[in-house]
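Heads up, the thing below is written out as structure tokens.
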Amino acid sequence: MYDVIIVGAGPSGAALSYFLVKKGFNVLTLERDPKPATRVICGEYLPDPDSLGMPKDISKAYWEFFRPFIVHRIKRISMEIENRRFTTEYIGYSIDRANMIRKRLMESVENGLSLSTKEAFLTAKLGDGCIKVITSKGEYRTKFLVGADGFGSKVARSSGLHNVIKCDDLALAFTNEVNLDLPDPEEMRLIINEELAPGTYAWVIPRSPSRANVGLGVRLSMKRSFNPVRAMKKFFKELKIKKEPILRGRYVPVGGISPRIVSHGVFLLGDAACMVIPSNGGGMHLGIIAAYLLSNSLEGESERRYERAVREYIKPVVDLGLVHRKAADFFTRTGLLRRTVGLLPNNMVSEVIKVVKGNYYPLIKVMASMYDFLDMGRSGSYPRC
């Protein structure tokens, strides 16, 4: 019998595998693909630990996990809205996500991890003092089961932790890595344009002075009039990228953390628990941090410790991002943004970019609360949308 079975070998699953085997756990990690990290549809950006305000042990674990895989340092983030450009200093890094996952898993295997690829999770059942895990290849027994299998988690569904996601709380993100002459290789660009990226934004994340991760998104509640191929081609044309875009997309939950992430020895982690900042779609850093928190909780065999840690260190920034997202929704969907962009204070936009609670938070919260009273094509739940 295993101590822990982890379903999914993405960033969160690889991080948890890494942290647990270092603590001496007997761990099995299941990955449905023949090779981990084959579906890299991601901005591949991580914020500097000093920007997150976490305790030293969390910051250290997070930093040491991804530091060897940094490919480029970014010093600034700009947000372009209509004819205005807001810039704020914010340190972050472009990383090699696939290499990070594979190398960390390889190190974990060397330290005792059992890794099984081409094996899909099917269901789980509570047994006599254990959890029975049924896969496409067989059955296993474990003390604890972790769903790190992304949005729409099968582990969540099989354990009663699945929750209904509104169409308005789900986005589709499309990304390409391209050669691009960058005027400022140390600046990430975020472009707010409702025609180009309805309900989300487009981005240019430098990976070197001549290469970048380029992408855009759309909220599912606004996708009926949206053509992703046409939008990406238009964005490529604006950036003077000559190649044809390759359309690869993934779902991004942007409605806040799942209300339940623990049940009878089953834990959810990363996108499976909707640990994504709703205002910017960033979640890889939260998944790594949550993996460290969960490794500590499993060491003490405490479900409540994990819930408390997530509530203290992960949920506040996700909740704040949801307030920012809803305020932005109110401005864009009522047409106020276009009419008032010239009046927006730089510091207010900076708070949104950094996802911090500053002097403008009370005003932002009022705008967010007003969005909840709007009914502008926001009905329906996934997968109907």
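So for the sequence shown, the numbering used here puts the first residue at 2; every next one is plus one. Note that CB positions come from ideal geometry on N, CA and C, so glycine has one too.
Nearest to E276 by CA position, among E195, N100 and L171, is which residue?
-> By one-based count along the sequence shown, residue 276 stands at place 275. Contrary to the premise, residue 276 reads as Met rather than Glu in this sequence. Closest by alpha carbon: L171.
Could you pull the start and end residues of the alpha helix (DSSP H) that V311 belongs to?
-> Numbered from its first residue, the sequence shown carries residue 311 at position 310. DSSP places V311 in the uninterrupted alpha helix (DSSP H) bounded by E304 to Y314.
Taking the CB atoms as reference points, tell me whether E108 and Y3 lie closer together than 8 Å.
-> The count along the sequence shown starts at 1 and reaches residue 108 at position 107. The count along the sequence shown starts at 1 and reaches residue 3 at position 2. No, the pair does not count as a contact, with Cβ atoms beyond the cut-off.
Count the other C-beta atoms from every protein chain shown that fall within 10 angstroms of the C-beta of S222, then say buried if there are 16 or more, exposed otherwise.
-> Position 221 of the sequence shown, counted from the start, is the residue given in the question as residue 222. That one is buried.
Curious, which full-length beta strand (DSSP E) runs of at least 3 residues does the segment 140-202 contain?
-> 140-148, 171-180 and 188-193
Under the rule that 16 or more other beta-carbon atoms within 10 Å means buried, what is V230, buried or exposed?
-> Against the sequence shown, residue 230 aligns to sequence position 229. That one is exposed.
Is it the case that the Cβ atoms of S13 and G282 are separated by a distance below 8 Å?
-> Here residue 13 refers to the residue found at position 12 of the sequence shown. Here residue 282 refers to the residue found at position 281 of the sequence shown. No, these two residues do not count as a Cβ contact at 8 Å.
Helix, strand or coil for H286 per DSSP?
-> Sequence index remark: in the sequence shown, residue 286 carries index 285 (1-based). In the structure shown, H286 sits in a helix (DSSP, three-state: H, G or I).
Since V342 contacts E81 with CB under 8 Å, what's their CB separation in whole angstroms?
-> Numbered from its first residue, the sequence shown carries residue 342 at position 341. Numbered from its first residue, the sequence shown carries residue 81 at position 80. In fact, because the Cβ distance is near 10 Å, the residues do not count as touching under 8 Å.
Where does Y63 fall in DSSP's three states?
-> Counting from 1 along the sequence shown, the entry for residue 63 is found at position 62. In the structure shown, Y63 falls within a helical segment according to DSSP collapsed to helix, strand and coil.
If you pair each beta-carbon of the segment 231-246 with each one of the segment 120-138, do three or more pairs fall below 8 Å?
-> no
Taking the CB atoms as reference points, tell me whether L197 and A232 lie closer together than 8 Å.
-> For this step, residue 197 is matched to residue 196 along the sequence shown. For this step, residue 232 is matched to residue 231 along the sequence shown. Yes, they are a contact pair.
With 16 as the cutoff for other CB atoms within 10 Å, does E32 come out buried or exposed?
-> Stepping through the sequence shown from its first residue, residue 32 is reached at position 31. The residue in question, E32, is buried, as its Cβ has 16 or more Cβ neighbours within 10 Å.
Between the beta-carbon of P50 and the beta-carbon of W64, is there less than 8 Å?
-> Against the sequence shown, residue 50 aligns to sequence position 49. Against the sequence shown, residue 64 aligns to sequence position 63. Yes, these two residues count as a Cβ contact at 8 Å.
Quick one, which of E45, S298, G153 and D169 has its alpha-carbon nearest R225's?
-> Here residue 225 is taken as the residue at index 224 of the sequence shown, counted from 1. Comparing alpha-carbon positions, the option among E45, S298, G153 and D169 lying closest to R225 turns out to be D169.
Limits of the unbroken alpha helix (DSSP H) element including P12 | Along the sequence shown, one-based indexing puts residue 12 at 11. Segment P12 to K23, the alpha helix (DSSP H) holding P12.
Between L323 and L294, what straight-line distance do the alpha-carbon atoms span, to the nearest angstrom?
-> Reading the sequence shown from its first residue, position 322 is the one you call residue 323. Reading the sequence shown from its first residue, position 293 is the one you call residue 294. Roughly 22 Å separates the two Cα atoms.
Report the residue from P317, S259 and F227 whose alpha carbon sits nearest the alpha carbon of I166.
-> As a first step, residue 166 must be located in the sequence shown, where it is residue number 165. It is S259 whose Cα lies nearest to the Cα of I166.
Pairwise C-alpha distance: F87 and R208 | On the sequence shown, position 207 is the one that residue 208 refers to. On the sequence shown, position 86 is the one that residue 87 refers to. Between the alpha carbons of R208 and F87 lies a gap of roughly 21 Å.
Leaving out five residues before and five after P186 in sequence, what residues of the same chain have Cβ atoms less than 6 Å from its Cβ?
-> Walking along the sequence shown from the start, residue 186 turns up at place 185. Closer than 6 Å at the Cβ level, and outside the excluded window around P186, lie P207 and P210.
Could you tell me whether the Cβ atoms of V134 and F268 are closer together than 8 Å?
-> The count along the sequence shown starts at 1 and reaches residue 134 at position 133. The count along the sequence shown starts at 1 and reaches residue 268 at position 267. Not a contact, by the Cβ cut-off of 8 Å.
Of all the options P317, S79 and A149, which has the alpha carbon lying nearest to the alpha carbon of S351?
-> If you number the sequence shown from 1, residue 351 lands on position 350. Looking at the Cα atoms, S79 is the closest of the given residues.
What do you reckon, are the CB atoms on I7 and R249 nearer than 8 Å?
-> Residue 7 sits at position 6 when you count from the first residue of the sequence shown. Residue 249 sits at position 248 when you count from the first residue of the sequence shown. Contact flag unset, no.
Between V311, R306, R251 and S280, which lies nearest to I290 when the distance is taken from Cα to Cα?
-> Numbered from 1 along the sequence shown, position 289 holds the residue referred to as residue 290. The option with the nearest alpha carbon to I290 is V311.
For the candidate residues S52, F237 and S159, whose alpha-carbon lies nearest to that of T176?
-> What you label residue 176 is simply residue 175 of the sequence shown in a count that begins at 1. Out of S52, F237 and S159, F237 has the C-alpha closest to the C-alpha of T176.
Quick one: using the 10 Å Cβ neighbour count with 16 as the cut-off for buried, is K36 buried or exposed?
-> Sequence index remark: in the sequence shown, residue 36 carries index 35 (1-based). Flag for K36 reads exposed.
State buried or exposed for N164, treating a residue as buried only when at least 16 other CB atoms are found within 10 Å of its CB.
-> Numbered from 1 along the sequence shown, position 163 holds the residue referred to as residue 164. N164 comes out exposed.
From which residue to which residue does the alpha helix (DSSP H) around T341 run?
-> Looking up residue 341 in the sequence shown gives position 340. Here the alpha helix (DSSP H) through T341 covers L337 to T341.
Per-residue DSSP class, three states only, for V230 | Indexing the sequence shown from 1 puts residue 230 at position 229. Helix, per DSSP.
Under the three-state DSSP convention, the category V8 falls into | As a working mapping, residue 8 is identified with position 7 in the sequence shown. In this structure, V8 counts as strand in the three-state DSSP scheme.
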